[in-house]
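**Student:**
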Amino acid sequence: MSTSSVITKQTTVFIVDDDDSVRDSLCWLVESVGLKAQAYESATAFLHAYYLLDDHNRDGCLVSDIRMQGMSGLELQLQLHEREIQLPMIFITGYGDVSMAVQAMKAGAVDFFTKPVNDQLLVESIQRTLSQEIEVAAQRGQLEQIQARLASLTPREKEVLGKVVDGKLNKVIAAELNVSSKTIEAHRAKVMAKMSAHTVAELVRMVVRAE
Numbered sequence: 000m001s002t003s004s005v006i007t008k009q010t011t012v013f014i015v016d017d018d019d020s021v022r023d024s025l026c027w028l029v030e031s032v033g034l035k036a037q038a039y040e041s042a043t044a045f046l047h048a049y050y051l052l053d054d055h056n057r058d059g060c061l062v063s064d065i066r067m068q069g070m071s072g073l074e075l076q077l078q079l080h081e082r083e084i085q086l087p088m089i090f091i092t093g094y095g096d097v098s099m100a101v102q103a104m105k106a107g108a109v110d111f112f113t114k115p116v117n118d119q120l121l122v123e124s125i126q127r128t129l130s131q132e133i134e135v136a137a138q139r140g141q142l143e144q145i146q147a148r149l150a151s152l153t154p155r156e157k158e159v160l161g162k163v164v165d166g167k168l169n170k171v172i173a174a175e176l177n178v179s180s181k182t183i184e185a186h187r188a189k190v191m192a193k194m195s196a197h198t199v200a201e202l203v204r205m206v207v208r209a210e
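In numbering that gives the first Met the number 0, the protein residues as written are 0 to 210.
(1) With distances taken Cα to Cα, identify the nearest neighbour of LYS105 among GLN131, LEU160, GLN76, VAL122.
(2) I need the boundaries of the beta strand (DSSP E) containing GLY95, first residue and last residue.
(3) Put ALA173 into one of helix, strand or coil per three-state DSSP.
(4) For PHE13, does the count of other Cβ atoms within 10 angstroms reach 16, so buried, or fall short, so exposed?
(5) Just the C-alpha distance for GLN141 and VAL135, rounded to the nearest angstrom, thanks.
(6) Between the C-alpha atoms of ALA174 and LYS167, what's the straight-line distance to the nearest angstrom?
(7) Using a 10 Å radius around the Cβ and a threshold of 16 neighbouring Cβ atoms, would you call THR198 buried or exposed?
(8) Taking TYR39 as the reference, give the member of ILE133, GLN85, LEU25, VAL32 with the closest Cα.
(9) MET194 to ARG148, Cα distance in whole Å?
(10) Starting from LEU129 and walking both ways along the alpha helix (DSSP H), at which residues does that stretch end?
(11) Can you tell me whether ARG187 is buried or exposed, with buried defined as 16 or more other CB within 10 angstroms of its CB?
(12) Output yes or no for whether 9 Å exceeds the beta carbon distance between GLN126 and VAL15.
(13) Confirm, please, whether the CB-CB distance from MET70 to GLN78 is below 9 Å.
(14) Expressed to the nearest angstrom, what Euclidean distance is found between the alpha-carbon atoms of SER1 and ASN177?
(15) With distance defined between alpha-carbon atoms, name the residue in GLU156, PRO154, ILE89, GLY59 nearest to SER130.
(16) Identify whether GLY59 lies in helix, strand or coil by the three-state DSSP scheme.
(17) Taking the straight line between their C-alpha atoms, what separation do you get for LYS35 and TRP27?
(18) Within the continuous beta strand (DSSP E) that includes THR198, where are the two ends?
(19) For the beta strand (DSSP E) holding THR10, just list the boundary residues, first then last.
(20) Taking buried to mean at least 16 other C-beta atoms within 10 Å of its own C-beta, is SER4 buried or exposed?
(21) Check the C-beta distance from LEU121 over to LEU86 and give it rounded, since I have them as a contact under 8 Å.
Here it is as structure tokens:
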């Protein structure tokens, strides 16, 4: 499956702006390139709606104005950080608010655009951001799988795993644990199976990644 199809099916571009015409324009722009858009008239409305979404529909990025009535874009960014919501943000700002946009970038925003926004550049930024998020999510999913496999090992299997990763031979491990080489071979086979590793090198890479 291509990255573009994954973006289209599994991600949402959340738009937050207190200007009705800007919201409508951004929604049209996002949907014109085949992406899903959800728009909110305030940061507070977005936060309330976001918590009602299931995990699958939370994937995506956030395009927000910086200066809005009520909660500003910067305050929204802070709220997301405090609530540990890892949603990449792209800001739209007036020329007088560029310093605020720079502040937002230092706080983790991925991009910002001054009004009037160049539609093509904004679309490219959104697509690039979504593609990067898909890669991050995939890596996070792989790490969670590795951690789950490690958790499935028995204490003895974990002990054997540590020694195998250290590069020790079966007979050496057997001597250190005061058991037979065949017992170590059995433990090692179970470790490889539970970890879904085909080679010791692959096993080592998994353990290093999980550290």
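Note that CB positions come from ideal geometry on N, CA and C, so glycine has one too.
**Tutor:** Based on what the coordinates show:
(1) GLN76
(2) Here GLY95 belongs to no beta strand (DSSP E), and DSSP marks it neither H nor E.
(3) helix
(4) buried
(5) 10 Å
(6) 11 Å
(7) exposed
(8) LEU25
(9) 5 Å
(10) 118-150
(11) buried
(12) no
(13) yes
(14) Low per-residue confidence applies at SER1: pLDDT is 41, beneath 50, and the placement is therefore not dependable, though the value from the model is reported in the following sentence. Taking the straight line from one Cα to the other gives about 52 Å.
(15) GLY59
(16) strand
(17) 10 Å
(18) Segment: none, THR198 is in no beta strand (DSSP E) and carries neither H nor E.
(19) Unbroken run through THR10: none, as it is neither H nor E.
(20) Caution applies to SER4, whose pLDDT of 43 falls short of 50 and renders its modelled position unreliable; the value that the coordinates give is listed next. Looking at its Cβ environment, which holds fewer than 16 other Cβ atoms inside 10 Å, SER4 is exposed.
(21) At roughly 17 Å, the Cβ-Cβ gap does not stay under 8 Å, so LEU121 and LEU86 are not in contact.
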